[in-house]
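S.K.: Quick one: structure below, then a few questions.
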Amino acid sequence: MAVESAIGGTCAAGSQPAAASSAPQAAHAAARGGPSGPGAGAGTPAAAAAARAPGGVREGVREGSLEAPTRHPIDWRNPEFYNEESLNAELERVFDICHGCRRCVSLCNAFPTLFDLVDESETMEVDGVSRSDYGKVVEQCYLCDLCYMTKCPYVPPHEWNVDFPHLMLRAKAVNYRDGKVKLRDRLITKTDVVGRFASLPVIVNAVNAANRSKPVRAAMDAGAGIHREANLPPYDSKSIRRRLRKLPSTGVDVAADTPRRGGSGPASGDTPVPVRLAPSERCCAMPRLELGDLESVEKAKNENVPVLAKLADEGFDIVAPVPSCVLMFKQELPLMFPEDERVAKVRAAIYDPFEYLAQRHREGLLRTDFRHSLGTVAYHAACHQRVQNIGSKTRDVLGLVPDTRVSVIERCSGHDGTYAVKRESYAHSMKIVRPVVRRVRDEEPDHFGSDCPMAGNHIAHGLGDGRSADHPLTLLRKAYGI
Ligand code: SF4
Ligand code: SF4
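Residue numbers 305 to 786, in the numbering used here, belong to the letters of the sequence shown in order.
What follows is the structure, encoded as structure tokens:
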């Protein structure tokens, strides 16, 4: 799902989004690195030529980089991108560096899979691992980006030019092009199609009942590879677009209101702010990216970006409630389409919701007349929000609510798109979520939740005591008494 709200402020904030938008954009530009021109994208043939550092050719190479990380464009239209021989050579090169480093062993199951393959090989080096086993590593990666953003000292501009997630993406894209992706994975990542169908009146009841039925779930497990115990959240026939028809009841005539970025709007923090849904949207296609289906990502981009760029032109800032959607527009699309000016425009205008609220607060434009405290909140910071390099803005904003203590849990929840529902990875996902669940239990919180609704549901599933997660925006609404 991707629902973008173009706003000239926040529901409970004042105006002057020009000020609200400028600082974060500068911070993003510095933090994200962003497309840095037509460089050699890690994982591409050019990158391999630029960064050969296999095995013993490491003398004189500095350990780690002191410079800010950069991210190279993804060279996905280059036919060489899909050349299996050069891909395998690059996988071997990077796997060899990782084998010598092993910092990421605790992040996900991709690295333990790689290290087990190496350690169980005859040579106990990467050259002893059969190339036909490389796919076992690739299929464990769900592109959370944490290894790149939080661990790896060898990312560009370091000369080893390691971009593990985007190398995995390249391998996934080759798999997809070669038709090696299961029908199940093609279907469950079509969130638009599945969601539209499953949410139809009458059908929605049947789908939800089927998802709760043990015999049906056993059949889905055996026939479709959807784990019988995986948490499948219920569908709702009332889409967010139908539910938010009442948005103007905030007191703002959205049709008549003037967008604020141009600075013409009132500056008072007491002034209602125009909020509107983007006129149309489709899934940002993050699930398709994780499958390696880059053509579908382009199709979704071609539908979403013109709509959002037009809103940005009108002066609106844009937020999306799911971190993965924001990351798609902030990072992945700009790296896939570095020449597209409208993509760059949307990148500059889109915010994580709490990044935006925190910016409003810094400008003195966020109302803090909260009516209710939240008590103790066990808050899970979603990976796709953490890698936006914006800091813990959700914690900061929720922390403004009186008598509220926010305990931040910075560990992967293990949901990761479809990873938590597939038969072969469900057990891994439950293992990954276990420490998060333990932290939530230990906190004995009044509320728990994550910026990522799927992660929140997965944590609730791990708790297994009937409690449900609250999105931090829901908590904020409760605190305001709205
Ligand atoms: S991107 Fe995430 S899932 Fe993939 S290898 Fe890195 S840490 Fe693991
Ligand atoms: S991705 Fe970087 S930090 Fe992680 S194991 Fe590989 S080389 Fe080490």
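Every residue gets a Cβ at the ideal spot worked out from N, C-alpha and C, and that includes glycine.
How is the beta strand (DSSP E) around A682 delimited, first residue to last?
M.R.: On the sequence shown, position 378 is the one that residue 682 refers to. A682 -> beta strand (DSSP E) spans G679 to H684.
S.K.: Grab me the residues of R362's own chain with a C-beta within less than 7 Å of its C-beta, minus the 5 sequence neighbours each way, in chain order.
M.R.: Your numbering for residue 362 matches position 58 in the sequence shown. Caution is warranted here: a pLDDT of 45 is assigned to R362, below 50, making its placement in the model unreliable, and no coordinate value can be reported.
S.K.: Exposed or buried, T427, counting other C-beta atoms within 10 Å across all chains shown (16 or more means buried)?
M.R.: Mapped onto the sequence shown, residue 427 falls at position 123. Classification of T427: exposed, given that the 10 Å Cβ count is below 16.
S.K.: I think H688 touches C756, with their Cβ atoms under 8 Å apart; what is that distance to the nearest whole Å?
M.R.: Against the sequence shown, residue 688 aligns to sequence position 384. Against the sequence shown, residue 756 aligns to sequence position 452. The pair is a contact, with the Cβ atoms about 7 Å apart (cut-off 8 Å).
S.K.: Using a Cβ-Cβ cut-off of 6 Å (strictly less than) and excluding sequence neighbours within five positions of N392, which residues of its own chain qualify?
M.R.: As a first step, residue 392 must be located in the sequence shown, where it is residue number 88. If we look at N392 and ignore the five residues flanking it on each side, its Cβ neighbours are R435.
S.K.: Pick out whichever of L779, E585, D423 and T672 has its Cα sitting closest to the Cα of S543.
M.R.: The count along the sequence shown starts at 1 and reaches residue 543 at position 239. Comparing Cα positions, the closest option is E585.
S.K.: Mind checking whether the beta-carbon of C408 lies closer than 8 Å to any heavy atom of ligand 4?
M.R.: For the structure depicted, ligand 4 is absent and the ligand set comprises only ligand 1 and ligand 2.
S.K.: Between which two residues does the alpha helix (DSSP H) holding V601 run?
M.R.: Taking the first residue of the sequence shown as 1, we reach residue 601 at position 297. Its alpha helix (DSSP H) spans residues L598 to D617.
S.K.: Tell me, to the nearest whole angstrom, how far the beta carbon of S729 is from that of V681; I am working on the premise that it is less than 8 Å.
M.R.: Walking along the sequence shown from the start, residue 729 turns up at place 425. Walking along the sequence shown from the start, residue 681 turns up at place 377. With 8 Å as the limit, S729 and V681 do not qualify as a contact, their Cβ atoms being about 29 Å apart.
S.K.: From this set, S517, I378 and R516, which residue's C-alpha is nearest M472's C-alpha?
M.R.: Here residue 472 is taken as the residue at index 168 of the sequence shown, counted from 1. Minimum Cα distance to M472 is reached at I378.
S.K.: Alpha carbon to alpha carbon, how far is E618 from P563? Give it in angstroms, no decimals.
M.R.: On the sequence shown, residue 563 is found 259 positions in, with the first residue counted as 1. On the sequence shown, residue 618 is found 314 positions in, with the first residue counted as 1. In this prediction, P563 scores a pLDDT of 39, lower than 50, which makes its location untrustworthy; the coordinate-derived value is nonetheless stated afterwards. In a straight line, the C-alpha of P563 is about 6 Å away from that of E618.
S.K.: What is the residue span of the beta strand (DSSP E) that H751 lies within?
M.R.: Taking the first residue of the sequence shown as 1, we reach residue 751 at position 447. H751 to S754 is the span of the beta strand (DSSP E), which, as asked, contains H751.
S.K.: So, is L395 buried or exposed, given that buried needs 16 or more other C-beta atoms within 10 angstroms?
M.R.: Counting from 1 along the sequence shown, the entry for residue 395 is found at position 91. Result: buried.
S.K.: Using only the alpha-carbon positions, how far apart do L581 and A783 sit?
M.R.: On the sequence shown, position 277 is the one that residue 581 refers to. On the sequence shown, position 479 is the one that residue 783 refers to. Distance between the alpha carbons of L581 and A783 is about 23 Å.
S.K.: Could you please give the first and the last residue of the uninterrupted beta strand (DSSP E) stretch that includes L709?
M.R.: As a working note, residue 709 is residue 405 in the sequence shown. Reading off the sequence, residue 709 comes out as Arg, not Leu. Segment T708 to I713, the beta strand (DSSP E) holding R709.
S.K.: Could you check which residue in F752, A759 and R745 has the C-alpha nearest to that of Y723?
M.R.: Within the sequence shown, the letter at position 419 stands for residue 723. The shortest C-alpha separation from Y723 is found at A759.
S.K.: Does the Cβ of E414 lie closer than 8 Å to at least one heavy atom of ligand 1?
M.R.: Residue 414 sits at position 110 when you count from the first residue of the sequence shown. The sequence shown places Ala at residue 414, not Glu. Checking every heavy atom of ligand 1 against the Cβ of A414, one is found closer than 8 Å.
S.K.: State the start and end residues of the unbroken beta strand (DSSP E) segment that holds R580.
M.R.: Residue numbering aside, residue 580 sits at position 276 when the sequence shown is read from its first letter. Here the beta strand (DSSP E) through R580 covers V579 to L581.
S.K.: Check L536 in the structure and name its three-state DSSP category.
M.R.: On the sequence shown, residue 536 is found 232 positions in, with the first residue counted as 1. L536: coil per DSSP, three-state reduction.
S.K.: Hey, would you say the C-beta of V442 is under 8 Å away from at least one heavy atom of ligand 2?
M.R.: Within the sequence shown, the letter at position 138 stands for residue 442. V442 Cβ: outside cutoff for every heavy atom of ligand 2.
S.K.: Taking 8 Å as the cut-off, is the C-beta of V466 nearer than that to any heavy atom in ligand 2?
M.R.: On the sequence shown, residue 466 is found 162 positions in, with the first residue counted as 1. Correct: V466 has its Cβ closer than 8 Å to ligand 2.
S.K.: Leaving aside the five residues before and after M632 along the sequence, list all residues of the same chain whose C-beta is less than 6 Å from its C-beta, in chain order.
M.R.: Your numbering for residue 632 matches position 328 in the sequence shown. Only C588 and M590 meet the Cβ criterion.
S.K.: Examine ligand 1 and report whether any of its heavy atoms sits within less than 8 Å of the Cβ of L450.
M.R.: Start at 1 with the first residue of the sequence shown, and residue 450 comes out as number 146. Yes, the beta carbon of L450 sits closer than 8 Å to at least one heavy atom of ligand 1.
S.K.: DSSP state of I378, grouped into three classes?
M.R.: In the sequence shown, residue 378 corresponds to position 74, counting from 1. DSSP places I378 in coil when its eight states are reduced to three.
S.K.: Assuming T698 contacts L678 (C-beta within less than 8 Å), just tell me the rounded distance between them.
M.R.: Position 394 of the sequence shown, counting from 1, holds the residue named residue 698. Position 374 of the sequence shown, counting from 1, holds the residue named residue 678. The pair is not a contact, with the Cβ atoms about 12 Å apart (cut-off 8 Å).
S.K.: Any chance the CB of P457 is under 8 Å from a heavy atom of ligand 2?
M.R.: Here residue 457 is taken as the residue at index 153 of the sequence shown, counted from 1. Within the cutoff, so yes.
S.K.: Can you give the Cα-Cα distance for L779 and L702, rounded to whole angstroms?
M.R.: Taking the sequence shown and counting its residues from 1, the one referred to as residue 779 is at position 475. Taking the sequence shown and counting its residues from 1, the one referred to as residue 702 is at position 398. When rounded, the distance between both Cα atoms is 8 Å.
S.K.: Would you say S717 and H751 are within 9 Å of each other, going by their C-beta atoms?
M.R.: Taking the first residue of the sequence shown as 1, we reach residue 717 at position 413. Taking the first residue of the sequence shown as 1, we reach residue 751 at position 447. Against a cut-off of 9 Å, the Cβ pair of H751 and S717 comes out as no contact.
S.K.: Helix, strand or coil: how does DSSP classify I492 here?
M.R.: To locate residue 492, count along the sequence shown from 1; it is residue 188. Residue state, collapsed to three classes: helix.
S.K.: When you compare each of I492, N509, K486 and D597 to R474 by their alpha carbons, which one comes out closest?
M.R.: Locating residue 474 in the sequence shown gives position 170, counting from the first residue. Nearest of I492, N509, K486 and D597 to R474, Cα basis: D597.
S.K.: Take P538 and list the residues in its own chain whose beta-carbon comes closer than 6 Å to its own, dropping the five residues that flank it on each side.
M.R.: The sequence position of residue 538 within the sequence shown is 234, counting from 1. For P538, where only same-chain residues beyond five positions count, the Cβ hits under 6 Å are N512.
S.K.: Can you tell which of A526, R407, V609 and V497 has its C-alpha closest to the C-alpha of V650?
M.R.: What you label residue 650 is simply residue 346 of the sequence shown in a count that begins at 1. Selected option, being the one with the closest Cα: V609.
S.K.: With DSSP as the reference, identify every bridge partner of V691, one or two as the case may be.
M.R.: Counting from one through the sequence shown, the residue named residue 691 turns up at place 387. V691 is not bridged to any residue.
S.K.: Per DSSP, L702 is paired with what?
M.R.: The residue you call residue 702 lines up with position 398 of the sequence shown. Answer by DSSP bridge pairing: none, since L702 is not bridged.
S.K.: If you measure between the beta carbons of K726 and G432, is that distance less than 9 Å?
M.R.: Taking the first residue of the sequence shown as position 1, residue 726 is located at position 422. Taking the first residue of the sequence shown as position 1, residue 432 is located at position 128. Taking 9 Å as the Cβ cut-off, K726 and G432 do not qualify as a contacting pair.
S.K.: Who does E654 pair with in a DSSP beta bridge?
M.R.: Here residue 654 refers to the residue found at position 350 when the sequence shown is read from its first residue. In the sequence under discussion, the amino acid at residue 654 is Ile, which differs from the Glu named in the question. DSSP, once it has assigned bridges, lists I622 as partnering I654.
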